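If you read the sequences in order, they're chains A and B. By the count of the working numbering, the first sequence reaches residue 455 at its end, each step adding exactly one. By the count of the working numbering, the second sequence reaches residue 1455 at its end, each step adding exactly one. We treat Cβ as the ideally placed atom computed from N, Cα and C, and that holds for glycine. If you're wondering where the values come from, they're calculated on a predicted model, not measured in any experiment. Everything on this sheet refers to the single structure shown next.
2 protein chains.
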Amino acid sequence: MKPLSPTDQLFLWLEKRQQPMHVGGLQLFSFPEGAPDDYVAQLAEQLRRHTQVTTPFDRRLDTRLAQPVWVHDEHLDLEHHFRFEALPTPGRIRELLTFVSAEHSHLMDRERPLWEFHLIEGLGERQFAVYIKVHHALVDGISAMRMIQQMLTTNPAERDMPPIWDLPVRAGRDDGDDGPSLWRSVGHLLGESGKQLGTVPTVARELLRTINDARKDPAYDSIFHAPRSILNQKITGSRRFAAQSYSLDRIKAVCHAFHTTVNDVVTAMCATALRTYLMNQDALPAKPLIAMVPVSLRKDDSSEGNQVGVILANLHTDEPDAAVRLTRIHQGIQTAKDRYATMSSEEIINYTALTLAPAAFHLLTGMAPKWQTYNVVISNVPGPKETCYWNGARLEGMYPVSIAMDRLALNMTLTSYNGQVEFGLVGCRRTLPSLQRMLDYLEDGLAELERAAGL
Amino acid sequence: MKPLSPTDQLFLWLEKRQQPMHVGGLQLFSFPEGAPDDYVAQLAEQLRRHTQVTTPFDRRLDTRLAQPVWVHDEHLDLEHHFRFEALPTPGRIRELLTFVSAEHSHLMDRERPLWEFHLIEGLGERQFAVYIKVHHALVDGISAMRMIQQMLTTNPAERDMPPIWDLPVRAGRDDGDDGPSLWRSVGHLLGESGKQLGTVPTVARELLRTINDARKDPAYDSIFHAPRSILNQKITGSRRFAAQSYSLDRIKAVCHAFHTTVNDVVTAMCATALRTYLMNQDALPAKPLIAMVPVSLRKDDSSEGNQVGVILANLHTDEPDAAVRLTRIHQGIQTAKDRYATMSSEEIINYTALTLAPAAFHLLTGMAPKWQTYNVVISNVPGPKETCYWNGARLEGMYPVSIAMDRLALNMTLTSYNGQVEFGLVGCRRTLPSLQRMLDYLEDGLAELERAAGL
């Protein structure tokens, strides 16, 4: 038995029918050489034999003395969690994304450990996919990514590898509070009141007071400049997931030409994609969109957990010239990073929490505040650099599947893997129609910069 | 715009995370002769072209003046409702039932019309399946069955047949209150208070008063004799669906031998299945289980709607001898029917409502009353007698997928089709482990009676 941390409770509290709070990961594999045609069915059989389930995947929610706790599930039904499924004809990536969109829209059963592992056959030429879904209260996005990496190997000859739910428990992994979490910053801001989610009105009042104080403070004024946009509406329960890989070499060539970082270029690609998408919807705000970009601020290797800060990146979506846009985005991010370098840990926590506060206030109260601190989340999660394998099957791509929320209808999360930048876009399907077109607009954004650089 | 009837509101009100209130139907088809291997994919393409959606499938929920209403969905996204999916290897009935179990566990998106149509390929030898899921607030089980029949034809040559969401609207179909509904009986019992679901405490108080009065009345005493059993626990959100066809000829042969009706024999099969299942769980109550069996009471053809009554069938699960059990079940049902014959319409409504009242009270208040009027629902929905086709594909079987509820963890619904009796069992997967074994126990129940009859 383990009490839920305030942050974990927050994710349960925020969850509602039209706002599931689980994160996911999609991995694309190709068959090992010489594997039989029914390779995936054989793999399913093999996985079904892993009836041992290690922490945290054995945990289900319970209540003790009116407090939510994690308990070991005595009656874990692996068939509920491990699902062998198939794509319909013609089994393209399109059918896979449709499948993940539907699955990512479904709430999980709170009577059971909050995770699902979907093994998906019927994909193209001797490929298959794995879609892992975990509630954010159980595992945060970064930890989930770490566990997925732990499941993989760089050795193509290795076999008998366990699935994610049967990994050996590592020291420290059991502690739900060791991972980096932006949400925890909100908890810090609130101090003690954040530990009592039962008293939401108190927490919300505290948030409101802090926000109002900050808005009067010139030091924090720049936080409250995001325009209103269609990205910042109430959402429905249906998701659209879109994912694609982009060549890291191409992105790096643009970096060199413009003397920017990889992160600047992918942020500029997102800016172009958003600009084109919103213009096509006749909904581009006159003021530039602001992206919330979580960044790691770790200065040394001494601490196990990462320190996470938030950059409010001006995306300059009002600027028609792609090269100018990239340069300005680069300057903005650089300025924010420089500012962080001069800040103490406490100042960083305060700044981060203030940035998140309006969204937290809205999520907790359902009231729509007039101030929007950012329009979209663009998150970059580190991934493996080398070619990875799972039981001999080569990992071709891995895509994050994150959370859309009320007033934050779109989440753009990316990771890097083996010379690729892997984008996963999650959005409310009704608020943001034809979201999948953004994949082409991301490509257009990169091509535009290549042309501007004369590449 | 059309206000929701009190009954429709009831289904929305009763729905919660672990208790979805949708009904479903599973149809099994074989390919038309000479159809190509990618027949189902071609069918999917054809169905996607039916972008016109007729009433009630175009309706979504909205609120006007604080009252729930149905409105026409201006932005209906067919891709959300029509889903082309596939079974994993080896594509047996077992994989199909696993698929339907998972899909039937998912809540639907309330921002959209509350229905889904799943076209499923990858089933055995040139077969495919259709799983239709509709919220009970939109369409009740009998109406859904009627619409499915309207989608079919007895002519194997007919092509270009519309799917269920594009059927021509028939006069009368628009009126949500014309179908038979047991739930409406509860509304009748409550009179005006039943029309104001906003005041649930009032409704519940009224129910409690009525139940307590009835328990003192010797005429209604027999209603409150069901034992407590594991079937009558709180449920979780995961469902297990199990389905199988049984030969009507075999069942009729038993009928003739014992001078009973088909319905008596299928009820006796259910009794045996429940007895065996509960004995294996070491959970058979000493007192016999009571089944709630909805029956049609229409005496003439003058009225469009069916009058529905409820028989509380004693299943004699304490009786070890199968033949004795069948005879007693037959006598019990006959006595109940005879009693109905002497009752006025008003008396029938009162009796039915009283039978349902304890379950309704529990569902509305979450409080577990001490009185259980029945342990399980066994429902027989009329189906087509002749071989049916859909676009040339022969219908091989059709199975109802109904609702499990708190304290009614198992629903046994059956229908008849083309010389078969088609059972669909829906249960809470955690409360009732290995529910699928009941299919074998139903068969055992039939075989036992055949032996007893010397067949």
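Cross-chain neighbours of residue i in chain B, by beta carbon under 9 Å
i                : result
His22 of chain A : What His22 of chain A touches in chain B: nothing, since even the nearest Cβ is about 13 Å away.
Pro90 of chain A : Asp1038 and Ala1041
Per DSSP, cross-strand counterpart(s) of residue i
i                  : result
Gly397 of chain A  : A:Leu28
Glu422 of chain A  : A:Ser245 and A:Thr415
Ala1129 of chain B : B:Leu1028 and B:Ile1120
Asp62 of chain A   : A:Val69
Pro90 of chain A   : Per DSSP, none; premise fails for Pro90 of chain A.
Ala1313 of chain B : B:Ala1291
Thr153 of chain A  : A:Tyr389
Trp115 of chain A  : A:Val134
Ser5 of chain A    : None, per the DSSP bridge assignment.
Asn1380 of chain B : B:Leu1414
Met405 of chain A  : A:Leu408
Val40 of chain A   : DSSP, once it has assigned bridges, lists no residue as partnering Val40 of chain A.
Val23 of chain A   : A:Val134
His428 of chain A  : First, the residue type needs correcting, since residue 428 of chain A is Cys and not His in the sequence shown. According to DSSP, Cys428 of chain A bridges with A:Arg239.
Lys1016 of chain B : B:Gln1019
Glu85 of chain A   : A:Ile120
Buried or exposed (CB count within 10 angstroms, at least 16 for buried), residue i
i                  : result
Arg159 of chain A  : exposed
Ala1286 of chain B : exposed
Asp1468 of chain B : Nothing can be reported for residue 1468 of chain B: it is not among the residues displayed for chain B, which extend from 1001 to 1455.
Ser1229 of chain B : buried
Arg1094 of chain B : exposed
Leu1014 of chain B : buried
His1259 of chain B : exposed
Pro464 of chain A  : Outside the displayed span of chain A (1 to 455) sits residue 464 of chain A, for which this structure offers no information.
Leu1435 of chain B : buried
Tyr1441 of chain B : buried
Lys385 of chain A  : exposed
Lys1133 of chain B : buried
Ser1143 of chain B : buried
Cβ distance (whole Å) where residue i is taken to contact residue j below 8 Å
i                  : j                  : result
Phe128 of chain A  : Val40 of chain A   : 5 Å
Ser1416 of chain B : Gly1454 of chain B : So it is not a contact: roughly 26 Å between Cβ atoms.
Leu1326 of chain B : Leu1274 of chain B : With 8 Å as the limit, Leu1326 of chain B and Leu1274 of chain B do not qualify as a contact, their Cβ atoms being about 14 Å apart.
Gly110 of chain A  : Tyr277 of chain A  : For the record, residue 110 of chain A in the displayed sequence is Arg; it is not Gly. With a Cβ gap of about 35 Å, Arg110 of chain A and Tyr277 of chain A do not count as contacting.
Phe29 of chain A   : Trp165 of chain A  : With 8 Å as the limit, Phe29 of chain A and Trp165 of chain A do not qualify as a contact, their Cβ atoms being about 18 Å apart.
Ile378 of chain A  : Met21 of chain A   : About 19 Å; that fails the 8 Å criterion.
Ala1271 of chain B : Thr1317 of chain B : 6 Å
Arg17 of chain A   : Arg239 of chain A  : Not really, about 13 Å apart at Cβ, beyond 8 Å.
Met147 of chain A  : Leu119 of chain A  : So it is not a contact: roughly 16 Å between Cβ atoms.
Gly1424 of chain B : Ala1409 of chain B : 15 Å between Cβ atoms; not a contact.
Gly1141 of chain B : Val1023 of chain B : 5 Å
Contacts of residue i in chain B (Cβ-Cβ under 7 Å)
i                 : result
Phe241 of chain A : The premise fails here: Phe241 of chain A is roughly 13 Å from chain B at the closest Cβ pair, so nothing lies under 7 Å.
Leu87 of chain A  : Ala1086
Gly122 of chain A : Ala1086
Partners in chain A for residue i, counting only beta-carbon separations shorter than 7 Å
i                  : result
Glu1125 of chain B : Chain A residues near Glu1125 of chain B: none, gap ~17 Å exceeds 7 Å.
Glu1158 of chain B : None at all; the shortest Cβ gap to chain A is about 24 Å.
Per-residue contacts from residue i into chain A (C-beta, under 9 Å)
i                  : result
Asp1077 of chain B : Ser238, Arg429, Arg430 and Pro433
Gly1107 of chain B : The question names Gly, yet the displayed sequence has Leu at residue 1107 of chain B. Arg17, His106, Leu107 and Gly237, listed in chain order.
Glu1386 of chain B : Within 9 Å Cβ-Cβ: nothing; Glu1386 of chain B doesn't reach chain A, min ~31 Å.
Cross-chain neighbours of residue i in chain A, by beta carbon under 8 Å
i                  : result
Ala1102 of chain B : Arg83
His1080 of chain B : Ser238 and Arg429
Closer than 8 Å at the beta carbon, the chain B residues around residue i
i                 : result
Arg112 of chain A : Thr1236, Ser1238 and Arg1430
Review point. So does the region 1415-1430 of chain B actually touch the region 1391-1402 of chain B, counting three or more Cβ pairs closer than 8 Å?
Key: yes
Practice item. Inspect the CB distances between the region 1120-1127 of chain B and the region 1083-1097 of chain B and report whether three or more fall short of 8 Å. Key: yes
Point to revise | Segment contact flag, the region 1308-1320 of chain B with the region 1281-1296 of chain B, C-beta cutoff 8 Å, min 3 pairs | key: yes
Point to revise | Cβ contact (3+ pairs, closer than 8 Å) linking the region 63-80 of chain A and the region 94-105 of chain A | key: no
Review point. Do the region 238-248 of chain A and the region 376-392 of chain A make contact, defined as three or more Cβ pairs closer than 8 Å?
Key: no
Practice item. Report yes or no: do the region 1354-1368 of chain B and the region 1202-1211 of chain B share at least 3 C-beta pairs separated by less than 8 Å? Key: yes
Review point. Does the region 6-22 of chain A come close enough to the region 132-139 of chain A that 3 or more CB-CB pairs lie under 8 Å?
Key: yes
Check your understanding: Would the region 248-266 of chain A and the region 325-342 of chain A be scored as touching if the rule is three or more Cβ pairs under 8 Å?
Key -> yes
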